[in-house]
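Numbering (our numbering), first residue to last: 126 to 493.
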């Protein structure tokens, strides 16, 4: 019989540390699961009642499970730990690819979109069969449920693989920002939690944590069929460097936990890839103002030819609705999710063999 996360926590609890205290103005958060050098495991979470629980356990079983609760208490789902590895950077195109971007801590909007399009069921379990979900980065910042979204994607990745499908969560620019403790766009709850613990918030997501290790193995560029996915865009400077996709993915991961100065010292390539002309920040595929160094159409042709792609799909730059550029060869899917949910406008795309469709919370809205 499979034991629950709460029962296992009780059974595995040791007297090394168990702190339960009230934290002002806190909402449900975590868990943050961190492996320590002595083999023990530190778990930090904030309960639905706003109490901080900081516990050290002797060990955890590989399939340890727990319940994640949203900050507004509207959603909850169970997560089991599983082995992680870097996803293959290319895949055959399945019958359907569902693409969304920049959830920015808004779990309710994220779940509403996935449930309304049959990607997950009412209990937040994978229900998309052998199809694919692509999330184009920027889970962190602006909302109160960034960690809950991370755990949901982590869970769905495993469930999709078991069903013959796949989930690809690509890195955005806000992932390395938060992992280097740049919390300018984070809700106060995250800095308050770190202050209460007497540590940097990024320490809760270090490479020795479950989520930190998983994040360090996320890709930056991904191919599915003839579709190339990336958070922000690909510049002419990027093209001139003649980089293959696996190399880009490895180099960005290598710089994920480094400061700008450390990236520059470690590798000029890491510094470039994580800078303004790199794939996490570059806006020139979708902005034509001179300050964005817009991409020439013939350079886009060269990029598509190099990677044997028909189109590039990006997030990062926000638009009123799903938008296309270069005669549909670049598709931008980042929108204000809360506004578009209320207005019934586009919030992502559905790629099928019969074409590409704009989707809202209740399915297909129009053919793109």
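Glycine included, C-beta positions come from ideal geometry on N, C-alpha and C.
Endpoints, alpha helix (DSSP H) assigned at residue i
| i | result |
| --- | --- |
| residue 315 | 313-322 |
| residue 364 | 361-365 |
| residue 386 | 385-391 |
| residue 235 | 232-241 |
| residue 372 | 370-380 |
| residue 279 | 271-288 |
| residue 426 | 422-431 |
Burial state of residue i (16 or more Cβ within 10 Å)
| i | result |
| --- | --- |
| residue 156 | buried |
| residue 482 | buried |
| residue 293 | buried |
| residue 255 | exposed |
| residue 386 | exposed |
| residue 282 | buried |
| residue 127 | Because the pLDDT at residue 127 is just 45, under 50, the model does not fix this residue reliably, and the value given afterwards should be weighed accordingly. Its Cβ having fewer than 16 others within 10 Å, residue 127 is exposed. |
| residue 411 | buried |
| residue 388 | buried |
| residue 132 | Because the pLDDT at residue 132 is just 42, under 50, the model does not fix this residue reliably, and the value given afterwards should be weighed accordingly. When all chains shown are included, residue 132 counts as exposed. |
| residue 491 | exposed |
| residue 486 | buried |
| residue 358 | buried |
| residue 225 | buried |
| residue 161 | exposed |
| residue 140 | Low confidence applies here, because residue 140 scores a pLDDT of 35, under 50, leaving its location unreliable and the question unanswered by this model. |
| residue 136 | With a pLDDT of only 42 at residue 136, under the threshold of 50, the placement of this residue in the model should not be trusted, and no figure is reported. |
| residue 142 | Confidence in residue 142 is poor, its pLDDT being 48 and thus under 50, which makes the residue's placement unreliable; the coordinate value appears in the next sentence. With fewer than 16 other Cβ atoms within 10 Å, it is exposed. |
| residue 376 | buried |
| residue 227 | buried |
Closest Cα partner of residue i within the set the options
| i | options | result |
| --- | --- | --- |
| residue 262 | 252, 300, 247 | 300 |
| residue 210 | 340, 476, 358 | 340 |
| residue 213 | 374, 355, 168, 316 | 374 |
| residue 441 | 428, 470, 415, 407 | 407 |
| residue 382 | 349, 420, 333 | 333 |
| residue 250 | 240, 384, 324 | 240 |
| residue 197 | 153, 470, 229 | 153 |
| residue 460 | 467, 446, 468 | 446 |
| residue 471 | 448, 477, 452 | 448 |
| residue 273 | 291, 204, 286 | 204 |
| residue 289 | 248, 275, 258 | 258 |
| residue 174 | 342, 167, 194 | 194 |
| residue 295 | 379, 409, 347, 242 | 347 |
| residue 478 | 439, 342, 223 | 223 |
| residue 246 | 285, 230, 271 | 285 |
| residue 291 | 362, 215, 304, 302 | 215 |
| residue 325 | 336, 344, 304, 414 | 304 |
| residue 201 | 277, 328, 372, 464 | 277 |
| residue 307 | 338, 328, 207 | 328 |
| residue 190 | 206, 199, 178 | 206 |
| residue 319 | 380, 403, 151, 468 | 151 |
| residue 464 | 171, 208, 172, 231 | 231 |
| residue 208 | 163, 338, 298 | 338 |
| residue 493 | 419, 393, 454, 199 | 454 |
| residue 343 | 378, 331, 362 | 378 |
| residue 176 | 469, 322, 244 | 322 |
| residue 260 | 252, 297, 243 | 297 |
| residue 475 | 172, 158, 163, 244 | 244 |
Beta-bridge partners of residue i, as assigned by DSSP
| i | result |
| --- | --- |
| residue 488 | 485 |
| residue 353 | 348, 437 |
| residue 201 | 194 |
| residue 257 | 222, 291 |
| residue 460 | 444 |
| residue 334 | 159 |
| residue 216 | 349 |
| residue 339 | Paired residue(s): none; residue 339 is not in a bridge. |
| residue 480 | 477 |
Extent of the continuous beta strand (DSSP E) to which residue i belongs
| i | result |
| --- | --- |
| residue 171 | 166-171 |
| residue 302 | No beta strand (DSSP E) holds residue 302; the alpha helix (DSSP H) holding it covers 299-304. |
| residue 220 | Segment: none, residue 220 is in no beta strand (DSSP E) and carries neither H nor E. |
| residue 154 | 154-160 |
| residue 206 | First-last for residue 206: undefined, no H or E at that position. |
| residue 473 | 473-477 |
| residue 179 | 176-182 |
**Message:** Measuring CB atoms only, is the region 214-229 touching the region 178-185, in the sense that at least three cross pairs come out at less than 8 angstroms?
**Reply:** Judged by Cβ distances under 8 angstroms, the region 214-229 makes no contact with the region 178-185, as fewer than three pairs qualify.
**Asked** Touch check for the region 363-380 and the region 231-240: three-plus C-beta pairs under 8 angstroms?
**Response** No, they do not touch.
**Asked** For the 8 angstroms Cβ check, are there 3 or more pairs between the region 383-399 and the region 424-432?
**Response** Between the region 383-399 and the region 424-432, the count of Cβ pairs shorter than 8 angstroms is below three; the stretches do not touch.
**Request:** Take every Cβ of the region 307-316, pair it with every Cβ of the region 262-282, and state whether three or more of those distances are shorter than 8 angstroms.
**Result:** Touching, yes, given that three or more Cβ pairs across the two stretches are closer than 8 angstroms.
**Item:** Three CB pairs or more closer than 8 angstroms across the region 337-355 and the region 429-437
**Value:** Below 8 angstroms, enough C-beta pairs join the region 337-355 and the region 429-437 to call them touching: three or more.
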